[in-house]
Amino acid sequence: MKEFVPLRILSVNPSSVGASSYILLLESDSAQSLRFPIVIGSQEAQSISVYLEKIQTSRPLTHDLCVNLLSYSNVSIQKVLITDFKDGIFYANLEVYKDGETFQVDARPSDSIALAIRLDIPILISEKLLHEICIPEEEFLDELEDDLDVLEKAPVVRSKAELDGLLQKALQDENYEEAAKLRDEIEKL
Numbered sequence: 001m002k003e004f005v006p007l008r009i010l011s012v013n014p015s016s017v018g019a020s021s022y023i024l025l026l027e028s029d030s031a032q033s034l035r036f037p038i039v040i041g042s043q044e045a046q047s048i049s050v051y052l053e054k055i056q057t058s059r060p061l062t063h064d065l066c067v068n069l070l071s072y073s074n075v076s077i078q079k080v081l082i083t084d085f086k087d088g089i090f091y092a093n094l095e096v097y098k099d100g101e102t103f104q105v106d107a108r109p110s111d112s113i114a115l116a117i118r119l120d121i122p123i124l125i126s127e128k129l130l131h132e133i134c135i136p137e138e139e140f141l142d143e144l145e146d147d148l149d150v151l152e153k154a155p156v157v158r159s160k161a162e163l164d165g166l167l168q169k170a171l172q173d174e175n176y177e178e179a180a181k182l183r184d185e186i187e188k189l
């Protein structure tokens with residue numbers, strides 16, 4: 001059987017790939033120098049960010065609904081296994097327990113991770129796969145330093161009052177992704 005190592009989420013950030021794409025950056029819990037990105041959609045990015053940033057929503061998001069439904073069934077998800085990477089796409093399985101049996105269900109890593117953080121279950125990756133796809137720490141830190149330089153030079157173009165108004169509007173519209181960005185921008189002032 002494959003050896004799996006635990007992962008943790010480092011960040012969720014907009015991607016330069018496209019307006020609806022985000023980068024979910026994951027890191028091995030057992031070796032901090034092993035990091036890798038997964039490109040995810042905006043809905044999954046919003047779901048993960050809302051939960052991690054403890055933003056209260058007026059209505060349950062899709063992954064909240066799934067967790068609520070699981071709580072009324074005799075099915076439990078035990079762990080997330082990221083198992084493969086082919087043609088630029090990651091593959092994952094949910095390890096599910098029902099009626100004394102354990103089986104695996106194919107699922108997208110982004111949805112699996114959104115469920116895992118809500119259920120407080122491990123997110124694991126094949127150790128072999130991790131070593132094949134990871135970004136060396138030095139390269140990661142160089143890219144991060146470049147990104148930070150760009151951000152530090154970016155001018156603040158909106159006032160705190162304007163940002164507060166936009167934040168309230170985003171929360172009313174249940175646009176939690178935008179609300180998180182605005183909150184972060186306000187905190188930087």
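First residue of the sequence shown? That's 1 in full-length UniProt numbering, and the numbers climb one at a time after it.
All C-beta atoms, glycine included, are put in the ideal place defined by N, C-alpha and C.
As the structure is a computational prediction, the values presented were derived from the model and not from experiment.
How many angstroms separate the CA atom of Glu-145 from the CA atom of Glu-138? Whole-angstrom Cα-Cα distance: 11 Å.
So is Cys-134 in contact with chain D if we call contact Cβ pairs under 9 Å? Among the chains in the structure shown there is no chain D, since it carries only a single protein chain.
C-alpha gap between Ser-20 and Ser-110, whole angstroms: The straight-line gap from Cα to Cα measures roughly 14 Å.
Three-state secondary structure assigned by DSSP to Ser-20: Looking at Ser-20 - three-state DSSP - the assignment turns out to be coil, as it is neither helix nor strand.
By the three-class DSSP mapping on this structure, what secondary structure does Asn-93 have? In the three-state reduction of the DSSP assignment, Asn-93 falls in the strand class.
Rounded to the nearest angstrom, what separates Tyr-91 and Leu-65 at their Cα positions? Tyr-91 and Leu-65: Cα-Cα distance of roughly 23 Å.
Taking the alpha-carbon of Asp-99 as reference, which of Glu-132, Val-75, Leu-182 has the nearest alpha-carbon? Considering only alpha carbons, the answer is Val-75.
Three-state secondary structure (DSSP) of Arg-35: In the structure shown, Arg-35 sits in a strand (DSSP, three-state: E or B).
Tell me the rounded alpha-carbon separation between Val-96 and Asn-13. In a straight line, the C-alpha of Val-96 is about 29 Å away from that of Asn-13.
From Lys-188 to Leu-24, what distance separates their C-alpha atoms? About 22 Å.
Just to confirm, are Ser-112 and Leu-130 a CB contact at a threshold of 9 Å? Between Ser-112 and Leu-130, the CB-CB gap reaches or exceeds 9 Å.
Thinking Glu-177 and Ser-42 are a contact (beta carbons under 8 Å), I'd like their distance in whole angstroms, please. Contact between Glu-177 and Ser-42 is confirmed by a C-beta separation of about 7 Å, below the 8 Å threshold.
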